[in-house]
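What follows is a single structure, written as structure tokens, with notes after it.
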Amino acid sequence: MTYQPSTRQQERIAYRRGRAVRSVLLAAASTAVVGVGLAVGITGAPGWERVKESFFDLDTAQKYLPQILEGLWLNLKLLVVCATLALALGLLVAVLRTLRGPVFFPVRALATGYTYSFRGLPLIIVLYLFAFGIPGLRLKGTPDVLVLGAAAIIVTYGAYLAEVFRAGIESVHPSQIAAARSLGLSYRQAMRHVVLPQAVRRVAPPLLNDTVALQKDVGLISLAGPIDAIRAAQIGVAQDADFTPYIVAGVLFVLLALPLIAVTDWVTLRAARRQNAGT
Amino acid sequence: MLLECRDVRKVFGDHVILDGLTLDVAEHEVVALIGASGSGKSTLLRCVNLLAEIDDGTIHLDGEEITDPRADPDRVRQRIGLVFQSYNLFPHMTVLDNITLAPVRVHKRPLPEAKDQAMQWLDRVGLADKSGAYPDRLSGGQQQRVAIVRALVNNPRLLLLDEVTSALDPELVGEVLSMIRELKGEGMTMVLATHEMGFAKQVADRVAFLDSGRVLEQGPPEQVLGDPVEARTRQFLTRIIDAGRL
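Order-wise, the sequence lines are chains A and B.
Numbered by this note's numbering, the letters in the first sequence go through residues 110 to 388 in order.
Numbered by this note's numbering, the letters in the second sequence go through residues 9 to 254 in order.
Okay, structure coming up:
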């Protein structure tokens with residue numbers, strides 16, 4: 110005999126379906142109210158016509174789109190390089206901070222001092238120091254301002270990422286290290302094969318989140334001179350006395366961030382699910 | 009003697025855990041450590057494996073002092089297997105990777121050879137079909153058997169078992185205990201801390217009752233568990249019997 114839901118269960122199902130339909134309708138209605146409210150509020154504002162002209166001008170947008178896109182390519186390249194190197198630097202510093210023993214005292218102190226100072230220093234100041242201060246020394250072989258700017262971003266973000274990695278390392282239960290050491294693995298081997306893989310997995314969501322933040326902060330390099338998307342937009346704004354190029358650059362940045370944000374959400378969700386499955 | 013612990017002292021803050029403990033274990037011998045929680049059973053095992061540093065006394069393995077500060081703890085641990093109460097498998101590795109990690113990384117054996125050996129062991133304990141699974145897909149009893157295999161593939165001289173059945177559901181205890189019984193049959197030297205008095209009776213050549221960080225009484229299981237000399241041992245066993253564990 111096949112399973113037939115009881116009348117009580119059928120009632121339950123019907124009731125739940127009714128509630129579901131009701132909540133969908135409610136959500137649609139409230140969304141419409143908020144949307145119309147916003148539209149009326151903004152387009153009805155006394156200065157709307159002026160704002161529309163100087164921020165949302167389609168002709169200006171089209172005119173500067175190619176330059177801004179070209180600049181965005183630089184942002185993208187910078188993002189890839191800075192994210193990779195900042196992650197490597199952060200991991201290295203986090204591992205150095207876990208080293209025990211008197212021999213490593215200077216290394217540990219240096220790593221700790223670095224994370225303390227560079228998390229406090231505003232990125233803009235680091236950027237100015239690197240991009241204008243270092244060339245000012247007039248040393249031979251001083252790299253390009255683009256490289257110096259990138260270095261400033263890497264050093265600043267490395268400090269944040271180091272702390273994320275360190276939190277991950279500390280979240281791995283000591284019994285895991287005990288198990289690894291009891292098998293004869295050295296401290297380094299235990300770190301490399303047992304602690305770090307678990308730590309990195311656990312902090313992947315916050316790491317990716319910091320990468321999203323980095324994604325837009327690479328735009329600050331424009332302050333040091335290189336023509337990235339923001340710099341290209343700024344040039345357009347100055348030429349036409351119209352803010353539309355900034356909006357264009359902004360939209361492009363959001364589009365650039367979307368895949369990264371989607372990946373972050375997916376990884377976070379997966380991590381949460383795995384954690385729930387574990388308990 | 010394979011293992012000689014002499015006047016071992018271990019202190020945590022003001023708390024004296026091991027207070028001049030002396031214990032010898034001969035090759036092929038199985039010694040069960042019993043005693044109340046906090047009597048120092050687990051601490052002793054951790055000290056023997058050098059996971060905890062002793063505060064006085066000496067421990068010799070195969071006549072070599074392993075508590076000599078100049079001894080390399082990694083080399084010492086390579087000769088001692090330790091199995092934990094909570095299994096401590098590596099959750100990010102498959103069963104097979106858990107087992108082959110030390111043979112490949114520590115003992116520098118080729119991966120295919122290590123895998124073959126691991127599979128033979130898994131086959132023996134009836135877990136060959138779980139080799140590709142992650143630990144969280146296994147029952148507690150299965151995880152603990154994998155943990156024992158992980159210790160055994162390094163061919164240890166001595167196997168330390170720390171309350172290996174305490175975290176298991178009652179119906180899963182049997183499969184782990186029968187594995188240990190088999191190891192005894194093969195002549196493995198073992199020191200096991202346990203709350204399973206019935207098991208201690210079956211598998212141990214000698215039972216040592218720990219009290220306040222010392223071996224208060226030791227001898228054949230029938231004597232220590234059946235007709236103890238010391239009043240403290242009798243008290244302890246009475247409590248165990250009242251709890252229905254003997």
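For each residue, glycine too, the CB sits at the ideal point set by N, CA and C.
Every value quoted in this text rests on a predicted model; they were computed, and no experiment measured them.
Item                                                                                                                                                                               : Value
By the 7 Å beta-carbon criterion, what residues does the region 265–297 of chain A contribute toward chain B?                                                                      : 284, 285, 287, 288, 290, 291, 292, 293, 294, 295
Would residue 127 of chain B and residue 136 of chain B qualify as a contact pair, given that the criterion is a beta-carbon distance under 9 Å?                                   : yes
Using CA atoms only, rank isn't needed, just tell me which of B/69, B/59, B/20, B/25 is closest to residue 10 of chain B.                                                          : B/69
Cβ-heavy atom distance between residue 28 of chain B and the ligand MN below 8 Å?                                                                                                  : Absent from the structure shown: the ligand MN. Ligands present: none.
With DSSP as the reference, please indicate the residues paired to residue 14 of chain B in a beta bridge.                                                                         : B/66
Less than 6 Å between C-beta atoms, sequence neighbours within five positions excluded: which residues of the same chain meet that for residue 130 of chain B?                     : 136, 139
Taking only three categories from DSSP, how would you classify residue 330 of chain A?                                                                                             : helix
For residue 97 of chain B, would you say it is in contact with chain A, using Cβ-to-Cβ distances shorter than 9 Å as the test?                                                     : yes
Please classify residue 140 of chain A: does DSSP put it in a helix, a strand, or coil?                                                                                            : helix
Contact between the region 368–384 of chain A and the region 45–62 of chain B is defined here as three or more beta-carbon pairs at a separation below 8 Å; is this criterion met? : no
Can you find a C-beta in chain B that's less than 9 Å from the C-beta of residue 303 of chain A?                                                                                   : yes
Can you tell me where the alpha helix (DSSP H) holding residue 227 of chain B begins and where it ends?                                                                            : Here residue 227 of chain B belongs to no alpha helix (DSSP H); instead the beta strand (DSSP E) covers 222–227.
The region 307–320 of chain A: which residues have C-beta closer than 8 Å to a C-beta of chain B, in chain order?                                                                  : 307, 310
Determine, using beta-carbon pairs with one atom in the region 325–338 of chain A and one in the region 293–305 of chain A, whether at least three such pairs fall under 8 Å.      : no
Quick one: complete alpha helix (DSSP H) runs, 4+ long, within the region 68–101 of chain B?                                                                                       : 81–85
If we call anything under 9 Å between Cβ atoms a contact, is residue 53 of chain B one with residue 223 of chain B?                                                                : no
Hey, which unbroken runs of the alpha helix (DSSP H) at 4 residues or more fall wholly within the region 298–346 of chain A?                                                       : 305–326
List the residues of chain A that residue 114 of chain B touches, going by C-beta distances under 7 Å, in chain order.                                                             : 292, 293, 294
Alpha carbon to alpha carbon, what distance is there between residue 219 of chain B and residue 239 of chain B?                                                                    : 11 Å
Assuming contact is defined by CB atoms lying nearer than 9 Å, are residue 195 of chain A and residue 278 of chain A in contact in what I supplied?                                : no
From residue 109 of chain B to residue 120 of chain B, what distance separates their C-alpha atoms?                                                                                : 12 Å
Taking C-beta pairs closer than 8 Å, name the residues in chain E that residue 47 of chain B reaches, listed in chain order.                                                       : Reference to chain E is not applicable here, since the protein chains of this structure are A and B.
Which first and last residues belong to the beta strand (DSSP E) in which residue 28 of chain B is found?                                                                          : 23–33
Name the residue from A/147, A/150, A/190 whose alpha carbon lies nearest to the alpha carbon of residue 256 of chain A.                                                           : A/190
State the DSSP-derived secondary structure class of residue 145 of chain B, mapped to helix, strand or coil.                                                                       : helix
State yes or no: is the beta carbon of residue 126 of chain B nearer than 9 Å to at least one beta carbon in chain A?                                                              : no
Residues in its own chain within less than 6 Å of residue 89 of chain B by CB, not counting five upstream and five downstream?                                                     : 159, 164, 167
Report all residues from its chain with a CB closer than 7 Å to the CB of residue 388 of chain A; omit the five preceding and five following residues, and keep chain order.       : Bear in mind that the predicted position of residue 388 of chain A carries a pLDDT of just 40, short of 50, making it unreliable; the figure below should be weighed with that in mind. None.
Along the chain, where does the alpha helix (DSSP H) that runs through residue 112 of chain B open and close?                                                                      : 103–113
Can you tell me where the beta strand (DSSP E) holding residue 38 of chain B begins and where it ends?                                                                             : 38–42
Within 8 Å, do at least three Cβ pairs link the region 361–371 of chain A to the region 173–187 of chain A?                                                                        : yes
I need the straight-line Cα distance from residue 135 of chain A to residue 153 of chain A, nearest angstrom please.                                                               : 26 Å
Give the DSSP-derived three-state secondary structure of residue 60 of chain B in the structure shown.                                                                             : coil
When you compare only the Cα positions, how much space is there between residue 132 of chain A and residue 309 of chain A?                                                         : 40 Å
Using beta carbons (cut-off 9 Å, strictly below), is residue 109 of chain B in contact with chain A?                                                                               : yes
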